[in-house]
Amino acid sequence: MDVAVGIVGQRGNERAQGLAASLAETLERSGRDGGETAVVVDEATGEAVDAPACPVDEMDDRDLVVSIGGDGTLLFVAREVGPTPILGVNLGEVGFLNAVAPEDAVDVVTDLVADYRETGAFEGRELARLEATSDGADWTLEPALNEIVVHGPRRGPGGGATVEVRVDGGQYAASHADGVLVATPAGSTAYNLSEGGPLVHPTADALVVTQMAAADSMPPLVVDPDTDLSITISDSDTGYAISDGRNRRRLDPPATITVSVADEPIRLVGPRGDFVSSLEKLD
Ligand SMILES: NC(=O)c1ccc[n+]([C@@H]2O[C@H](COP(=O)([O-])OP(=O)(O)OC[C@H]3O[C@@H](n4cnc5c(N)ncnc54)[C@H](O)[C@@H]3O)[C@@H](O)[C@H]2O)c1
Ligand SMILES: Nc1ncnc2c1ncn2[C@@H]1O[C@H](COP(=O)(O)OP(=O)(O)OP(=O)(O)O)[C@@H](O)[C@H]1O
171 MDVAVGIVGQ
181 RGNERAQGLA
191 ASLAETLERS
201 GRDGGETAVV
211 VDEATGEAVD
221 APACPVDEMD
231 DRDLVVSIGG
241 DGTLLFVARE
251 VGPTPILGVN
261 LGEVGFLNAV
271 APEDAVDVVT
281 DLVADYRETG
291 AFEGRELARL
301 EATSDGADWT
311 LEPALNEIVV
321 HGPRRGPGGG
331 ATVEVRVDGG
341 QYAASHADGV
351 LVATPAGSTA
361 YNLSEGGPLV
371 HPTADALVVT
381 QMAAADSMPP
391 LVVDPDTDLS
401 ITISDSDTGY
411 AISDGRNRRR
421 LDPPATITVS
431 VADEPIRLVG
441 PRGDFVSSLE
451 KLD
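Counting from 1, position 65 in the sequence shown corresponds to residue 235 in the numbering used here; the numbering is continuous, with no gaps.
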């Protein structure tokens, strides 16, 4: 069976480019017996290495996309390719979303591709994503793998707003605050943790609601993913709704945002990292 693989290296990272090149070469060689393996790299990597290149947002028709970099690179790849299977190779400082060490990458990917030729599928797991929809305006933010943040004009003293959180219609919190975030289990180790939210084990099916610097704070709340969550921001000139720190919309308070689980999850393939032992990376 033929297999199409995309490789995305962290932009400007020579180690990522070198690994992308050796991965591309090994995969193309290993494909000869059981079928062709067609490999493309992202355009930035393609300028540095000798391999065919294509834009990352056109890699959604690949059977597998390998992200080589840190968490930010994997979040970027996930935004661009959606539910296409992704394997994360960690070259970053934290690398929570990337389970594979660079020295194992060539072996892990070649084994996965060989299995795929036999079974027609990659073994992996789905990671839920969140989307935020404006109740008044006509937009939905790009799905978030980590978290949706709703905050006032800016973080820090003097930058907050009145932030009300409703859970299945009932008022859970209403306070002056910098903002509030809703995190997935995958995102619980990121911004959520810095704001005092709980760690969520990756196999738990839950979301976390965590206020950010609230004057009248409630403890972080763990909810079922189907819970109706709405956030209203008022008493400020402006505010923002932000998906994974990158995709943002300006709000015109009073404004209400509904947060829910997106239709399409992310599919991460390859070995699962050991969640508990990887927590030491967060120090
Ligand atoms: N105060 C904070 O902690 C803070 C502030 C802004 C953004 N962030 C996080 O950064 C993410 C965006 O990442 P980026 O690389 O584009 O921005 P970035 O470069 O500012 O990265 C922020 C840091 O968050 C880490 N990170 C990202 N996802 C993680 C996860 N699931 N578990 C553990 N650590 C994780 C990254 O490794 C990096 O060290 C956002 O989704 C948000 O969670 C955190
Ligand atoms: N190959 C690429 N093509 C285009 N943009 C890229 C590419 N790689 C990374 N980026 C951009 O860089 C951002 C993430 O990279 P960033 O420098 O934050 O590194 P990281 O993967 O989080 O690693 P580290 O842990 O070292 O910070 C992405 O959101 C994306 O905008």
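Ideal Cβ positions, reconstructed from N, Cα and C, are used throughout, including at glycine. Source: prediction; values computed, not measured.
Measuring only the C-alpha atoms, how far is residue i from residue j?
i	j	result
ALA432	LEU311	10 Å
VAL226	LEU452	29 Å
ARG181	ARG420	28 Å
ALA376	ILE412	20 Å
LEU189	GLY176	13 Å
VAL455	ALA374	Absent from the structure is residue 455, since the part of the chain shown begins at 171 and ends at 453.
ARG185	THR207	23 Å
ARG232	GLU296	17 Å
PHE246	ALA425	28 Å
ASP285	VAL429	37 Å
LEU267	ALA356	7 Å
VAL235	ARG442	17 Å
PRO423	ILE403	6 Å
PHE292	LEU300	24 Å
GLY290	LEU399	38 Å
GLY339	ALA385	22 Å
ASN362	VAL378	8 Å
THR196	SER364	40 Å
ARG325	ASP348	6 Å
Judging by CA-CA distance, which residue of the options is the nearest neighbour of residue i?
i	options	result
MET388	THR215, THR243, GLN341 and ALA190	GLN341
PRO222	GLU365, LEU363 and ALA191	ALA191
ILE238	GLU206, ASP231 and GLU273	GLU273
ALA214	LEU197, THR196, SER200 and THR243	THR243
GLY258	GLY240, VAL251 and ARG299	GLY240
LEU369	ALA384, THR408 and ALA353	ALA353
VAL320	ALA298, VAL209, ILE427 and ASP172	ILE427
PRO390	ALA302, GLY409, SER358 and ASP398	SER358
THR397	VAL337, VAL379, ALA344 and SER448	VAL337
VAL439	VAL270, CYS224, ALA194 and ASP212	VAL270
THR254	MET229, GLY326, GLY204 and GLU365	MET229
ILE436	ALA314, VAL264 and LEU193	ALA314
GLU263	ALA331, ALA360, GLN381 and GLY415	ALA360
Which of helix, strand or coil does DSSP assign to residue i?
i	result
GLN180	coil
ARG420	strand
VAL278	helix
GLY294	strand
ASN260	strand
LEU454	The structure shown does not extend to residue 454, since the chain is modelled only from 171 through 453, so no value can be given for it.
ARG299	coil
LEU438	strand
GLY188	helix
SER358	helix
GLY205	coil
ALA174	strand
SER406	coil
Given a threshold of 16 other Cβ atoms within 10 Å of its Cβ, counted over all protein chains shown, does residue i qualify as buried or as exposed?
i	result
ARG249	buried
LEU282	buried
SER406	buried
VAL210	buried
ARG199	exposed
Cβ of residue i within 7 Å of any heavy atom in ligand 4?
i	result
SER364	Among the ligands modelled here, namely ligand 1 and ligand 2, ligand 4 does not occur.
Problem set entry | Sequence-ordered residues whose beta carbon comes within less than 6 Å of a heavy atom of ligand 1 | Spelled out in chain order, the answer is GLY240, ASP241, GLY242, LEU245, GLY262, GLU263, VAL264, PHE266, LEU267, ASN316, GLU317, ALA356, GLY357, THR359, ALA360, TYR361, SER364, ASP414, GLY415 and ARG416.
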